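Novice: Convert by adding 390 to the 1-based position in the sequence shown; the result is the number in the numbering used here.
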Amino acid sequence: MSSRAQILASVLQNQPELQALPEDLQTSFPAADPVEAFKTVLTTIGGAFIEVSDYLAIQNYISEHFAGQRVVSTLPELAAISEKGWENQDPHSYANVDLAIITAHFGVAENAALWITEDLMQQRAVPFICQQLAVVISRKDIVQTMHDAYLKIGAADYGFGSFIAGPSKTADIEQSLVLGAHGPKSMTVFALD
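(1) Taking the continuous alpha helix (DSSP H) assigned at F428, which residues delimit it?
(2) Using a Cβ-Cβ cutoff of less than 6 angstroms, which residues in the same chain neighbour S443 once the five nearest sequence positions on both sides are dropped?
(3) Please name the residue in R460, I554, Y484 and G570 whose C-alpha comes closest to that of V383.
(4) Consult DSSP for F580 and reduce its assignment to one of helix, strand or coil.
(5) Apply the 10 Å Cβ neighbour rule to P367 and answer buried if 16 or more other Cβ atoms are within range, or exposed otherwise.
(6) How would you write the range of the beta strand (DSSP E) that Q522 sits in, first residue to last?
(7) State the beta-bridge partners of S463 as determined by DSSP.
(8) Compute the distance between the beta-carbons of T493 and V516, then report whether it is under 7 angstroms.
(9) Can you check which of these residues, E477, F518 and D547, is closest to A485 by C-alpha distance?
(10) Using DSSP with H/G/I as helix, E/B as strand and the rest coil, what is E454?
(11) Identify which residue in P574, E473 and P466 has its Cα closest to the Cα of G458.
(12) Return the residue from the list V431, N501, T464 and I471 that minimises the CA-CA distance to H455.
(13) Apart from the five residues on each side of it in sequence, which residues of its chain come closer than 7 angstroms, Cβ to Cβ, to W505?
(14) What does the alpha-carbon distance come out to for the pair Q521 and Y451?
(15) Tell me the DSSP bridge mates of E473?
(16) If distances are taken between C-alpha atoms only, which option among V533, S576 and P466 comes closest to E500?
(17) Need the endpoints of the alpha helix (DSSP H) that S400 sits in, please.
(18) Closest by CA to P557, which one among A524, R529 and Q409?
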């Protein structure tokens, strides 16, 4: 028997006893209103929170603040303000997207993270390479904690997913905060009633 085989056999024979997993832990977050908590955390980490009643309000906001800029959206409700046919381009071409508008499955109040899977992105690079990111979410889809978020995700079948919270941030040893160094410079969350 080779030394490799001896070592592996020894490791297999000396496994620790199996231990039962802990009971399901229920956590609580002190927010009486998860939407208000989400808004507070998002604005604290550099994002913007805008409450809207419908997609027309979002369309009007985008038209007013991003006129003449490159805007792409995965939402059919915002097709009128989105570049047509952008989904089938080389991902490198998204580096000059001024605003990408996507939706999220849900948000998390305790850290303002949004759970977004590949099917909502259409192109995996879009929310990370665009200059500014806007995410549309329903107020009712904001959960209290990450524990709640993982219970909601469960064993869902998805190829790629990410929690995204606020604009890209980095700081160096001189304590200079830079927004947008590794991703969007800003993040706006539109909360639908």
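A virtual CB, placed ideally from N, CA and C, is assigned to each residue, including glycine. Please read all numbers here as calculations on a predicted model, not as lab measurements.
Specialist: On the basis of the supplied data:
(1) Position 38 of the sequence shown holds residue 428. Judged by DSSP secondary structure, F428 falls within the alpha helix (DSSP H) whose first and last residues are P424 to T434.
(2) By 1-based counting over the sequence shown, the position of residue 443 is 53. Hits under 6 angstroms: D583.
(3) The structure shown does not extend to residue 383, since the chain is modelled only from 391 to 583, so the question has no answer here.
(4) Residue 580 sits at position 190 when you count from the first residue of the sequence shown. Strand, per DSSP.
(5) With the chain represented from 391 up to 583, any question about residue 367 goes unanswered, as that position is not in the structure.
(6) The residue given as residue 522 occupies position 132 in the sequence shown. Where Q522 is concerned, the enclosing beta strand (DSSP E) stretches over Q522 to S528.
(7) Mapped onto the sequence shown, residue 463 falls at position 73. Its beta-bridge partners are I491.
(8) The count along the sequence shown starts at 1 and reaches residue 493 at position 103. The count along the sequence shown starts at 1 and reaches residue 516 at position 126. Taking 7 angstroms as the Cβ cut-off, T493 and V516 do not qualify as a contacting pair.
(9) Start at 1 with the first residue of the sequence shown, and residue 485 comes out as number 95. With distances taken between Cα atoms, A485 lies closest to F518.
(10) Stepping through the sequence shown from its first residue, residue 454 is reached at position 64. In this structure, E454 counts as helix in the three-state DSSP scheme.
(11) Translated into the one-based positions of the sequence shown, residue 458 becomes position 68. Minimum Cα-Cα distance from G458 among the listed residues P574, E473 and P466 corresponds to E473.
(12) Here residue 455 corresponds to residue number 65 of the sequence shown, with the count starting at 1. Cα-wise, what sits closest to H455 is I471.
(13) Looking up residue 505 in the sequence shown gives position 115. A494, H495, F496, A539, I543, G551 and F553, listed in sequence order.
(14) The sequence position of residue 521 within the sequence shown is 131, counting from 1. The sequence position of residue 451 within the sequence shown is 61, counting from 1. Q521 and Y451: Cα-Cα distance of roughly 17 angstroms.
(15) In the sequence shown, counting from the first residue as 1, residue 473 sits at position 83. E473 pairs with nothing; no bridge assigned.
(16) Position 110 of the sequence shown, counted from the start, is the residue given in the question as residue 500. Distance check between E500 and each of V533, S576 and P466 places V533 closest, using alpha-carbon atoms only.
(17) Here residue 400 corresponds to residue number 10 of the sequence shown, with the count starting at 1. S393 to Q403 is the span of the alpha helix (DSSP H), which, as asked, contains S400.
(18) Against the sequence shown, residue 557 aligns to sequence position 167. Checked all of A524, R529 and Q409; the closest Cα to P557 is A524.
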